[in-house]
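K.L.:
Number of protein chains: 2
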Amino acid sequence: MSNLTERQRLVLALVIRDYIETAQPVSSLHLVDHYGLDKSPATVRNELLALTELGYLRQPHTSAGRVPTEEGYRYFVRQLMGQTELPANTQRTIVHQFFQAGQDVNHWMRLAASVLAQQSQAAALVTAPHSDRSFFKHIELISTIGRQVLMVLVLEGGEVRQQMLALAEPVSQEQFSAVAHNLNQLIQGMHADQVAAIADQLTTLEQDIVKLVVEELHRSGDIRMGEVFRDGLSHVLLEPEFGEMETARRALRILEERPLLEDLLSRTVLSSDADGVQVLIGGEGTWEELSDCSIVLARYGVPGIATGTLGVLGPIRMSYGRNISTVRFMAGLLSDLVNEMLEK
Amino acid sequence: MSNLTERQRLVLALVIRDYIETAQPVSSLHLVDHYGLDKSPATVRNELLALTELGYLRQPHTSAGRVPTEEGYRYFVRQLMGQTELPANTQRTIVHQFFQAGQDVNHWMRLAASVLAQQSQAAALVTAPHSDRSFFKHIELISTIGRQVLMVLVLEGGEVRQQMLALAEPVSQEQFSAVAHNLNQLIQGMHADQVAAIADQLTTLEQDIVKLVVEELHRSGDIRMGEVFRDGLSHVLLEPEFGEMETARRALRILEERPLLEDLLSRTVLSSDADGVQVLIGGEGTWEELSDCSIVLARYGVPGIATGTLGVLGPIRMSYGRNISTVRFMAGLLSDLVNEMLEK
DNA sequence: ACTTAGCACTCTCGCCACGAGAGTGCTAAT
DNA sequence: ATTAGCACTCTCGTGGCGAGAGTGCTAAGT
Chain P
296 MSNLTERQRL VLALVIRDYI ETAQPVSSLH LVDHYGLDKS PATVRNELLA LTELGYLRQP
356 HTSAGRVPTE EGYRYFVRQL MGQTELPANT QRTIVHQFFQ AGQDVNHWMR LAASVLAQQS
416 QAAALVTAPH SDRSFFKHIE LISTIGRQVL MVLVLEGGEV RQQMLALAEP VSQEQFSAVA
476 HNLNQLIQGM HADQVAAIAD QLTTLEQDIV KLVVEELHRS GDIRMGEVFR DGLSHVLLEP
536 EFGEMETARR ALRILEERPL LEDLLSRTVL SSDADGVQVL IGGEGTWEEL SDCSIVLARY
596 GVPGIATGTL GVLGPIRMSY GRNISTVRFM AGLLSDLVNE MLEK
Chain V
296 MSNLTERQRL VLALVIRDYI ETAQPVSSLH LVDHYGLDKS PATVRNELLA LTELGYLRQP
356 HTSAGRVPTE EGYRYFVRQL MGQTELPANT QRTIVHQFFQ AGQDVNHWMR LAASVLAQQS
416 QAAALVTAPH SDRSFFKHIE LISTIGRQVL MVLVLEGGEV RQQMLALAEP VSQEQFSAVA
476 HNLNQLIQGM HADQVAAIAD QLTTLEQDIV KLVVEELHRS GDIRMGEVFR DGLSHVLLEP
536 EFGEMETARR ALRILEERPL LEDLLSRTVL SSDADGVQVL IGGEGTWEEL SDCSIVLARY
596 GVPGIATGTL GVLGPIRMSY GRNISTVRFM AGLLSDLVNE MLEK
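Structural data, given as structure tokens:
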């Protein structure tokens, strides 16, 4: 509930906008000077005092200007910020880049990460789309060299999995083709358990293969997100709040350590916002690891069929307006691409 | 040529070892105290003076101890350091981890990066093995969903390439299988140009495919290194020399920016050392980008068939002994794995 | 000829004091 | 409700100062 007067909301918004831009504490005088308020500094000071007592602002020390608290940022994002859109020409350039990128999904991912990083001037991450429940569609077995075999598995929904494996003894490509052909007939459209059930009708070679297929199919249950594409990691070092090495390091670790990331993404994405964009500000109490960071992220893709996640990580003092609209736009764009890819 | 007296060599080695450990300028007194030299500080000071005039040491300011120059480090690495081996039990643990990792090449790469980062406490990078000249071996075409097709290309040498592509209109899996089968017969073992030469004997669908195959085969000529696996990026922030944000950022950028990396790896790996381990100290004059970093790297794999690169990047004040032996050991290990994979 | 004691010299670093400046909170007047 | 005025507090940059570290040099010792 908004228990703030209209003027308090205005002042809060101005303070936050200004601080995001300058990284300097904002004073009463500065506000009236730069934003043409027709009130005196003293009046503004009273409002600042009120906002401070409400917990939305704080002062680094007695005689400094005000700085937003995490609560302040949250209020700003929820109530004050309003929806913004990426400028039309920026949108066009981005779309154009994807148009040029062709159809390579990996390329999309890299490009998406790059664009996000560029636009937000923060660290970006994108996970490849993958489906939640997996039904077998097609298998290929390709002898590469020596005893090494490449198993390529296509799932309903278009996800492609591959796995290198080594067999006890060499098998010719012809044999592989036969096995693959046979399996394709047998287990078409099946779920992991169904596949496992028919294993005893097969030759030992086929059984070996099937065991791996089942393993792969099962693996989809976890939030195993395949490759994670990162970009703009060095951007975080530009922000003055990461002048302290230890905090900068913590931010980088979040992006580096796989388990941390998986945990983060999986728990967050459940509670999805209106248009699916999530904003995590300063750990929200429960995430000690990212106590100095904020994250903006969103899912993309077709729910239940093929989805992925993308987002940016930056200092708490980030441009939420710009980053949220960028993330929303990119999520939409990637969703369109996935959709287009799926359509018959 | 080693125009240093034996004692100068000893002193230089001690200074460098000590500085690498403590990151503090080393004084004459400190040397005699900690390393049981049976000479007085004054004597040591004379040697320090000589080494300074020769350009191997310098002092940050008049009344500080000595610090190695880049030249000093180079001399140390070339002449003083001697060969070291990773401790046997460390070797065992690493091998064990790879044993558990199974046969997935991607998994190897990730693990290798992780181990390197862990051991060196610096940033690690590993590129997947790929072959230098590509001869076609096998193709598979797999219809995934909608008009999307996955083309999997196996090259002589075992490298696997894949490419998603979208066709103008849907084609059934049966047709694809037929096309793939036909192509496999026709262009077995061929080089890019040979493949291009026979294009006119084919159907339009086949021609479309072949065009992409040729493109992929050609692409091997570049030093296009496929995926690059990174780890331990946050380690660089621990080093005191990266207290300055700008230098830390530069180091991170080297690892992030693809073109920079490619350039670096390609030019360096040509001039390979005795056992193939390269040490680049502080840019060596020509590489302004990494003027505050050192890099230790090596190729692995089977030359001409399938090779990759791996290495670590850290501050100039890095433990060359440990890092060189780690890199050498890992290169050997990955070479063994690749070999084993190749053997019939 | 090498080694070393002695010493003056230089430079850094931490500390403290000090003054300017910034910005506040409060009170009293409008 | 607003605002002028003012005292108060805190930061920050500066400069001075003394302690400490480590050197380079010279002259004496082995």
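Chains as they are written, first to last, in our numbering: chain P, 296 to 639; chain V, 296 to 639.
Virtual Cβ for every residue (Gly too), placed ideally from N, Cα, C.
1. When DSSP labels each residue in this structure, what does Asp517(V) get in the three-state scheme?
2. Rounded to whole angstroms, what is the Cα-Cα separation between Ala308(P) and Met376(P)?
3. Where does Lys639(V) sit, in a helix, a strand or coil, going by DSSP?
4. Can you tell me which of Arg369(V), Ala473(V), Ser529(V), Val474(V) puts its alpha carbon nearest to the alpha carbon of Gly616(V)?
5. Cβ closer than 7 Å: which chain P residues qualify as neighbours of Met459(V)?
6. Taking the alpha-carbon positions, what's the Ile518(P) to Ser561(P) distance?
7. Under three-state DSSP, which class holds Tyr368(V)?
8. Thinking Val339(V) and Val321(V) are a contact (beta carbons under 8 Å), I'd like their distance in whole angstroms, please.
9. Could one say the Cβ of His433(P) lies closer than 8 Å to chain V's Cβ atoms, at least one of them?
10. Does Met485(P) have its Cβ less than 8 Å from a Cβ in chain V?
11. Take Asp503(P) as the anchor and find which of Val633(P), Ala463(P), Leu555(P), Phe537(P) has the nearest alpha-carbon.
12. Which full runs of the beta strand (DSSP E) of 3+ residues lie inside the region 485–573 of chain P, going along the chain?
13. Let me confirm a value: Glu301(P) is counted as buried when at least 16 other C-beta atoms fall within 10 Å, else exposed. Which label applies?
14. Beta-carbon of Ile518(V) versus every beta-carbon of chain P: anything under 8 Å?
15. Can you have a look at Val306(P) and say buried or exposed, based on whether 16 or more other CB atoms are within 10 angstroms of its CB?
16. So what's Ala337(P) in DSSP terms, helix, strand or just coil?
17. CB Leu528(V) to CB Leu547(V), shorter than 8 Å?
18. For Ile590(V), which residues in chain P fall below 8 Å Cβ to Cβ?
19. I want to check one thing, is the minimum distance from the CB of Phe524(V) to the heavy atoms of the ligand HEM below 7 Å?
20. Check each candidate in Leu381(P), Glu511(P), Leu326(P), Gly397(P) and name the one with the smallest Cα separation from Gly360(P).
21. Against Met540(V), what residues of chain P qualify as contacts under a CB-to-CB distance less than 7 Å, listed in chain order?
22. Within the region 343–417 of chain P, note down every full alpha helix (DSSP H) run reaching 4 residues or more, in order along the chain.
23. Inspect the CB distances between the region 375–393 of chain V and the region 577–586 of chain V and report whether three or more fall short of 8 Å.
24. Output the boundary residues of the beta strand (DSSP E) element that contains Glu435(P).
25. Starting from the Cα of Ile315(V), find the closest Cα among Val622(V), Glu501(V), Ser415(V) and give me that residue.
26. Take every Cβ of the region 604–612 of chain P, pair it with every Cβ of the region 436–446 of chain P, and state whether three or more of those distances are shorter than 8 Å.
27. Given a threshold of 16 other Cβ atoms within 10 Å of its Cβ, counted over all protein chains shown, does His432(V) qualify as buried or as exposed?
28. Could you compute how far the alpha carbon of Trp403(V) sits from the alpha carbon of Ala396(V)?
P.N.:
So, from the listed chains and residues:
1. Residue confidence is low: Asp517(V) scores 48 on pLDDT, short of 50, so the model does not pin down where it sits. No coordinate-derived value is stated.
2. 8 Å
3. Here the model assigns Lys639(V) a pLDDT of 45, short of 50, so the residue's position is not dependable and the matter cannot be decided.
4. Arg369(V)
5. Gln398, Asp399, Val400
6. The predicted position of Ile518(P) is uncertain, since its pLDDT is 45 and thus under 50; no value can be drawn from it.
7. helix
8. Wrong, their Cβ atoms sit about 10 Å apart, outside the cutoff.
9. yes
10. no
11. The residue among Val633(P), Ala463(P), Leu555(P), Phe537(P) with its C-alpha nearest the C-alpha of Asp503(P) is Ala463(P).
12. 523–526
13. Glu301(P) comes out exposed.
14. Bear in mind that the predicted position of Ile518(V) carries a pLDDT of just 45, short of 50, making it unreliable; the figure below should be weighed with that in mind. So, not an interface residue.
15. So Val306(P) counts as buried.
16. helix
17. yes
18. Those within 8 Å of Ile590(V) in chain P number zero; the least Cβ separation is about 17 Å.
19. No copy of the ligand HEM appears in this structure; indeed no ligand is present at all.
20. Nearest in C-alpha terms to Gly360(P), of all of Leu381(P), Glu511(P), Leu326(P), Gly397(P), is Leu326(P).
21. Leu532, Gly538
22. Secondary structure remark: continuous alpha helix (DSSP H) runs of at least 4 residues inside the region 343–417 of chain P, in chain order: 365–370, 383–395, 400–415.
23. no
24. 431–440
25. Ser415(V)
26. The answer is no - the region 436–446 of chain P does not touch the region 604–612 of chain P, with fewer than three Cβ pairs under 8 Å.
27. With the sequence shown as reference, residue 432(V) is identified as Lys, and His is not the correct amino acid for it. With 16 or more other Cβ atoms within 10 Å, it is buried.
28. Near 7 Å, if we compare the C-alpha coordinates of Ala396(V) and Trp403(V).
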